[in-house]
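Participant: Note that the protein sequences, when read in sequence, are chains R and H. The opening position of the first sequence corresponds to residue 4 in the working numbering, with each subsequent residue numbered one higher. The opening position of the second sequence corresponds to residue 4 in the working numbering, with each subsequent residue numbered one higher. Every residue, glycine too, gets a C-beta built ideally from N, C-alpha and C. Please read all numbers here as calculations on a predicted model, not as lab measurements.
There are 2 protein chains.
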Amino acid sequence: MSTEVSKEHIAESYRKIQSDICSAIESADGTGLFKSDHWNRDEGGGGHTRILEGGSVLEKAGVNFSEVHGPFSDVMKQSMQTKADAFFATGVSIVMHPNNPHIPIIHMNIRYFEMNDGTYWFGGGIDLTPHYVQREQASYFHKELKDVCDKYDSAYYSRFKEWADDYFFIPHRNETRGVGGIFYDHLSEDEEHSKSSIFNFSEDLGKLFPKIYTHLINENRGREYSEEEKEWQMVRRGRYVEFNLVYDRGTKFGLQSNGRTESILMSLPRQAMWFYNLEPKENSPEAETIALLKKGVDWLS
Amino acid sequence: MSTEVSKEHIAESYRKIQSDICSAIESADGTGLFKSDHWNRDEGGGGHTRILEGGSVLEKAGVNFSEVHGPFSDVMKQSMQTKADAFFATGVSIVMHPNNPHIPIIHMNIRYFEMNDGTYWFGGGIDLTPHYVQREQASYFHKELKDVCDKYDSAYYSRFKEWADDYFFIPHRNETRGVGGIFYDHLSEDEEHSKSSIFNFSEDLGKLFPKIYTHLINENRGREYSEEEKEWQMVRRGRYVEFNLVYDRGTKFGLQSNGRTESILMSLPRQAMWFYNLEPKENSPEAETIALLKKGVDWLS
Numbered sequence: 004m005s006t007e008v009s010k011e012h013i014a015e016s017y018r019k020i021q022s023d024i025c026s027a028i029e030s031a032d033g034t035g036l037f038k039s040d041h042w043n044r045d046e047g048g049g050g051h052t053r054i055l056e057g058g059s060v061l062e063k064a065g066v067n068f069s070e071v072h073g074p075f076s077d078v079m080k081q082s083m084q085t086k087a088d089a090f091f092a093t094g095v096s097i098v099m100h101p102n103n104p105h106i107p108i109i110h111m112n113i114r115y116f117e118m119n120d121g122t123y124w125f126g127g128g129i130d131l132t133p134h135y136v137q138r139e140q141a142s143y144f145h146k147e148l149k150d151v152c153d154k155y156d157s158a159y160y161s162r163f164k165e166w167a168d169d170y171f172f173i174p175h176r177n178e179t180r181g182v183g184g185i186f187y188d189h190l191s192e193d194e195e196h197s198k199s200s201i202f203n204f205s206e207d208l209g210k211l212f213p214k215i216y217t218h219l220i221n222e223n224r225g226r227e228y229s230e231e232e233k234e235w236q237m238v239r240r241g242r243y244v245e246f247n248l249v250y251d252r253g254t255k256f257g258l259q260s261n262g263r264t265e266s267i268l269m270s271l272p273r274q275a276m277w278f279y280n281l282e283p284k285e286n287s288p289e290a291e292t293i294a295l296l297k298k299g300v301d302w303l304s
Numbered sequence: 004m005s006t007e008v009s010k011e012h013i014a015e016s017y018r019k020i021q022s023d024i025c026s027a028i029e030s031a032d033g034t035g036l037f038k039s040d041h042w043n044r045d046e047g048g049g050g051h052t053r054i055l056e057g058g059s060v061l062e063k064a065g066v067n068f069s070e071v072h073g074p075f076s077d078v079m080k081q082s083m084q085t086k087a088d089a090f091f092a093t094g095v096s097i098v099m100h101p102n103n104p105h106i107p108i109i110h111m112n113i114r115y116f117e118m119n120d121g122t123y124w125f126g127g128g129i130d131l132t133p134h135y136v137q138r139e140q141a142s143y144f145h146k147e148l149k150d151v152c153d154k155y156d157s158a159y160y161s162r163f164k165e166w167a168d169d170y171f172f173i174p175h176r177n178e179t180r181g182v183g184g185i186f187y188d189h190l191s192e193d194e195e196h197s198k199s200s201i202f203n204f205s206e207d208l209g210k211l212f213p214k215i216y217t218h219l220i221n222e223n224r225g226r227e228y229s230e231e232e233k234e235w236q237m238v239r240r241g242r243y244v245e246f247n248l249v250y251d252r253g254t255k256f257g258l259q260s261n262g263r264t265e266s267i268l269m270s271l272p273r274q275a276m277w278f279y280n281l282e283p284k285e286n287s288p289e290a291e292t293i294a295l296l297k298k299g300v301d302w303l304s
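#1: Could you run through the segment 268 to 279 of chain H and flag, in chain order, every residue whose CB is less than 8 Å away from some CB of chain R?
#2: At which residues does the alpha helix (DSSP H) containing H/Ala141 begin and terminate?
#3: Contact criterion: CB-CB distance below 8 Å. Does H/Leu248 meet it with respect to chain R?
#4: Can you say whether R/Gly184 is buried or exposed, counting buried as having 16 or more other CB atoms within 10 angstroms of its CB?
#5: Helix, strand or coil for H/His218? Go by DSSP, reduced to three states.
#6: Would you identify the three-state DSSP class for R/Ala275, choosing helix, strand or coil?
#7: According to DSSP, is R/Val78 part of a helix, a strand, or is it coil?
#8: On the DSSP letters alone, give me the boundaries of the beta strand (DSSP E) that R/Pro101 sits inside.
#9: With burial defined as no fewer than 16 other Cβ atoms inside 10 Å of the residue's Cβ, what is the status of H/Asn286: buried or exposed?
#10: Is there at least one Cβ from chain R nearer than 8 Å to H/Thr34's Cβ?
#11: Against chain R, does H/Val244 count as a neighbour if the rule is that its beta carbon must be under 8 Å from one of theirs?
#12: Which of helix, strand or coil does DSSP assign to H/Trp302?
#13: Roughly how many angstroms separate the alpha carbons of R/Gly128 and H/Met79, rounded to a whole number?
#14: Measure how close the beta-carbons of R/Ile293 and R/Phe246 come, nearest whole angstrom, since I'm counting them as under 8 Å.
#15: Taking H/Glu70 as the query, report the chain R residues whose CB atoms sit under 8 Å from its CB, ordered along the chain.
#16: Taking its Cβ as the centre, do 16 or more other Cβ atoms sit within 10 Å of R/Thr93, making it buried, or is it exposed?
#17: Using a Cβ-Cβ distance under 8 Å, would H/Ile54 count as near chain R?
#18: Could you say which of R/Asp40, R/Ile267, R/Lys63 and R/Arg44 lies nearest to R/Thr52 if we only look at CA atoms?
#19: Taking Cβ to Cβ, would you say R/Thr132 is nearer than 8 Å to R/Ile108?
#20: Which residue's Cα is closest to the Cα of H/Gln140: H/Ser96, H/Ala275 and H/Leu219?
#21: Determine whether the beta carbon atoms of H/Pro74 and H/Ala89 lie at a separation below 8 Å.
#22: Which of helix, strand or coil does DSSP assign to H/Leu281?
#23: Would you say R/Leu296 faces chain H, with C-beta separation under 8 Å as the test?
#24: To the nearest angstrom, report how far apart H/Met4 and H/Phe202 are at their CA atoms.
#25: If we call anything under 8 Å between Cβ atoms a contact, is R/Pro288 one with R/Tyr170?
#26: Distance, Cα to Cα, R/Cys152 vs R/His100?
#27: Tell whether a beta-carbon distance below 8 Å holds between H/Arg180 and H/Tyr123.
#28: Around the C-beta of H/Glu230, are 16 or more other C-beta atoms found within 10 angstroms, so that it is buried, or is it exposed?
#29: Which whole runs of the alpha helix (DSSP H) in the segment 182 to 231 of chain H are 4 residues long or more, in chain order?
#30: Touching or not, the segment 61 to 68 of chain H and the segment 21 to 31 of chain H, by the rule of three or more beta carbon pairs under 8 Å?
#31: Evaluate H/Gly57 with the Cβ neighbour count: other Cβ atoms within 10 Å of its Cβ, from every protein chain shown; 16 or more gives buried, anything less gives exposed.
#32: What do you get for H/Gln137, buried or exposed, if any count of 16 or more other CB atoms within 10 angstroms of its CB means buried?
#33: Assuming H/Leu211 and H/Glu147 make a contact with CB atoms under 8 Å, what is their CB distance in whole Å?
#34: For R/Lys198, count neighbouring C-beta atoms within 10 Å of its own C-beta (all shown protein chains included) and say buried if the count is 16 or more, exposed if not.
#35: Leaving aside the five residues before and after R/His189 along the sequence, list all residues of the same chain whose C-beta is less than 7 Å from its C-beta, in chain order.
#36: Which residues does DSSP list as the beta-bridge partners of R/Asn67?
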């Protein structure tokens, strides 16, 4: 079993997931194409950043693969509280910002980390950030995630859904980033889960991603929108920027550890806005969206 | 002397500086007017936030006054490493984002902090962020700051200019935020400086602000600009957002300490943009600007 889930095998699978997602998203977009940037990390490894800008559906979409390794810096060693002195990490990170405010922003990350003392873990998640929350689409999204979770552990969905509610939260706004999804971290084998089962779970999420987002694109791509709705989209994107720059661990870690800035910040939208003290009108779709941006909503009911 | 520089006196002076700055900036703008929001802090004190949006010259300008006091939270006590259990803080914070990309963004902060064990200090700074750096205007700006510094201490300018270079720096971009200015913190009386002299220095900066910015507005307000220059302005504003959300201590402290979010984030521009891996053309005004965004430039020569 252990050869099947070697770090090389995981990286190879994640690389293929990146490629498959880009193909599927190009098909869904219709005209946009991903550009490729291969980059190297001085201390070991590198990545492949793929960005689509100015598509028919997607204003800006980034799909980043990386496979990095090397000695721990003292700072990393201390923050990890480990005696290991080298690490290997690979993962796929995605953020997509559509043109149409009725199509949600989506994010996915799957990652694997191991150290040369034998410890390893998987982490990841998918979350959805609609500019306008539509209950039935949020339900669809959560149902799809639950189906994948249930294949591996009937406790995964509720545990990882709650984790996402806590993680994708903007304290200074007292708002969740969107309708949540799932988030998990530090998963490694135990009595109930083998390493390969956790790895397969992450692969299944990677395979689920294009299915879910293509569905959400096709549900909403024909919907008309007004100037006001476009402006609201810009404001919601402003919140996305706030979350990513102030709270997102991956972003902060990346910037602090001298990562490739343009690959890390590909998550930022092409355009965002901030108005002072903007308050949506009572009973407006904007106010209804805000009312749903909270923890603990049961999207399956 | 000590009655002259009581906390009440300092707060009163800063409050007047806020009011004078708003009047002067309204005059310079010509049509925009500041709106007022008074707010209270549950634990003690409050503030007066003044925002101008959609002016002839200024797209978004915020001038925030606050005077807060109360018991230290445990977190604050620990981070301050003090046995004092109550504090008082007052200050004026300003950020202005103009419509015309040839007018620079400007920031000023003056603040006073004291604890109930008798310790106190002043902090503050002014820095300029041109979308297009113009050497002679950066020189004018630094010369004016030096003149005020020199009134109080011939060592202030070079010390505080270097401090600003270090503080207003974006490590993940390897760029300064703009052409710098001055930054100082933890100033309190010593053999060479009385409390009132440090206080008067901060007042003089507050008085200098409208003079400087009115001059820079009037120098540039008549200049035409293209779509491309407007877009470049949006990209530079994106960097401003990155600095404020990732590094600015006041912003981070404010958000973490449950401050008034809309007053803290009034520093963000109405609109900002991010393009993946944007590289200005060689020898373009944009490339010339980037080349000047570094520490240690002697703007006076």
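Facilitator: With the structure as the only source:
#1: So the list reads Leu268, Met269, Leu271, Pro272, Arg273, Gln274, Ala275, Met276, Trp277, Phe278 and Tyr279, given in the order they occur along the chain.
#2: Reading the second sequence from its first residue, position 138 is the one you call residue 141 of chain H. If you look at H/Ala141, you'll find it in the alpha helix (DSSP H) that goes Arg138 to Tyr155.
#3: Taking the second sequence and counting its residues from 1, one reaches residue 248 of chain H at position 245. So, interface residue.
#4: Position 181 of the first sequence, counted from the first residue, corresponds to residue 184 of chain R. The residue is buried, with at least 16 neighbouring Cβ atoms inside 10 Å.
#5: Counting from one through the second sequence, the residue named residue 218 of chain H turns up at place 215. Residue state, collapsed to three classes: helix.
#6: Walking along the first sequence from the start, residue 275 of chain R turns up at place 272. R/Ala275 falls in the strand class under three-state DSSP.
#7: By 1-based counting over the first sequence, the position of residue 78 of chain R is 75. In the three-state reduction of the DSSP assignment, R/Val78 falls in the helix class, which pools H, G and I.
#8: Within the first sequence, the letter at position 98 stands for residue 101 of chain R. Element bounds for R/Pro101: Ala89 to Pro101.
#9: Counting from one through the second sequence, the residue named residue 286 of chain H turns up at place 283. By the 10 Å Cβ count, H/Asn286 comes out exposed.
#10: Stepping through the second sequence from its first residue, residue 34 of chain H is reached at position 31. No, H/Thr34 does not count as interfacial toward chain R.
#11: Mapped onto the second sequence, residue 244 of chain H falls at position 241. Chain R, which has a Cβ nearer than 8 Å to the Cβ of H/Val244, makes this yes.
#12: Indexing the second sequence from 1 puts residue 302 of chain H at position 299. In the three-state DSSP reduction, H/Trp302 falls in the coil class, being neither helix nor strand.
#13: Taking the first sequence and counting its residues from 1, one reaches residue 128 of chain R at position 125. Taking the second sequence and counting its residues from 1, one reaches residue 79 of chain H at position 76. Approximately 34 Å between the Cα atoms of the pair.
#14: Taking the first sequence and counting its residues from 1, one reaches residue 293 of chain R at position 290. Taking the first sequence and counting its residues from 1, one reaches residue 246 of chain R at position 243. Wrong, their Cβ atoms sit about 15 Å apart, outside the cutoff.
#15: Along the second sequence, read from residue 1 onward, the residue named residue 70 of chain H stands at position 67. Ordered by position in chain R, no residue passes the 8 Å Cβ test against H/Glu70, which lies about 20 Å from the chain.
#16: Counting from one through the first sequence, the residue named residue 93 of chain R turns up at place 90. Result: buried.
#17: Against the second sequence, residue 54 of chain H aligns to sequence position 51. Interface residue (Cβ-Cβ distance to chain R less than 8 Å): H/Ile54 is classified as such.
#18: Position 49 of the first sequence, counting from 1, holds the residue named residue 52 of chain R. Of all alpha-carbon atoms in R/Asp40, R/Ile267, R/Lys63 and R/Arg44, the one lying nearest the alpha-carbon of R/Thr52 is that of R/Asp40.
#19: Walking along the first sequence from the start, residue 132 of chain R turns up at place 129. Walking along the first sequence from the start, residue 108 of chain R turns up at place 105. Contact flag set, yes.
#20: On the second sequence, position 137 is the one that residue 140 of chain H refers to. That would be H/Leu219, whose Cα lies nearest to the Cα of H/Gln140.
#21: Within the second sequence, the letter at position 71 stands for residue 74 of chain H. Within the second sequence, the letter at position 86 stands for residue 89 of chain H. Yes, Cβ-Cβ distance for H/Pro74 and H/Ala89 is below 8 Å.
#22: If you number the second sequence from 1, residue 281 of chain H lands on position 278. Three-state DSSP puts H/Leu281 in coil, outside helix and strand.
#23: In the first sequence, counting from the first residue as 1, residue 296 of chain R sits at position 293. Chain H, which has no Cβ nearer than 8 Å to the Cβ of R/Leu296, makes this no.
#24: By one-based count along the second sequence, residue 4 of chain H stands at place 1. By one-based count along the second sequence, residue 202 of chain H stands at place 199. In this prediction, H/Met4 scores a pLDDT of 45, lower than 50, which makes its location untrustworthy; the coordinate-derived value is nonetheless stated afterwards. Going by the C-alpha atoms only, they are around 12 Å apart.
#25: Counting from 1 along the first sequence, the entry for residue 288 of chain R is found at position 285. Counting from 1 along the first sequence, the entry for residue 170 of chain R is found at position 167. The Cβ atoms of R/Pro288 and R/Tyr170 lie no closer than 8 Å to each other.
#26: Counted from its first residue, the first sequence places residue 152 of chain R at position 149. Counted from its first residue, the first sequence places residue 100 of chain R at position 97. Those two C-alpha atoms are separated by around 26 Å.
#27: Counting from 1 along the second sequence, the entry for residue 180 of chain H is found at position 177. Counting from 1 along the second sequence, the entry for residue 123 of chain H is found at position 120. Taking 8 Å as the Cβ cut-off, H/Arg180 and H/Tyr123 do not qualify as a contacting pair.
#28: One-based indexing of the second sequence puts residue 230 of chain H at position 227. H/Glu230 is exposed by the Cβ-count criterion.
#29: Every unbroken stretch of the alpha helix (DSSP H) spanning 4 or more residues and falling wholly within the segment 182 to 231 of chain H is given here in chain order: 198 to 223.
#30: They touch, by the three-pair rule.
#31: The count along the second sequence starts at 1 and reaches residue 57 of chain H at position 54. That one is exposed.
#32: Position 134 of the second sequence, counting from 1, holds the residue named residue 137 of chain H. By the 10 Å Cβ count, H/Gln137 comes out buried.
#33: Within the second sequence, numbered from 1, the residue matching residue 211 of chain H stands at position 208. Within the second sequence, numbered from 1, the residue matching residue 147 of chain H stands at position 144. The beta-carbon distance between H/Leu211 and H/Glu147, rounded to whole angstroms, is 6 Å. This is short enough to meet the 8 Å contact definition.
#34: On the first sequence, position 195 is the one that residue 198 of chain R refers to. Classification of R/Lys198: buried, given that the 10 Å Cβ count is 16 or more.
#35: Here residue 189 of chain R refers to the residue found at position 186 when the first sequence is read from its first residue. Answer for R/His189: Trp124 and Gly126, listed in chain order.
#36: As a working note, residue 67 of chain R is residue 64 in the first sequence. In DSSP, R/Asn67 forms a bridge with R/Thr52 and R/Ser96.
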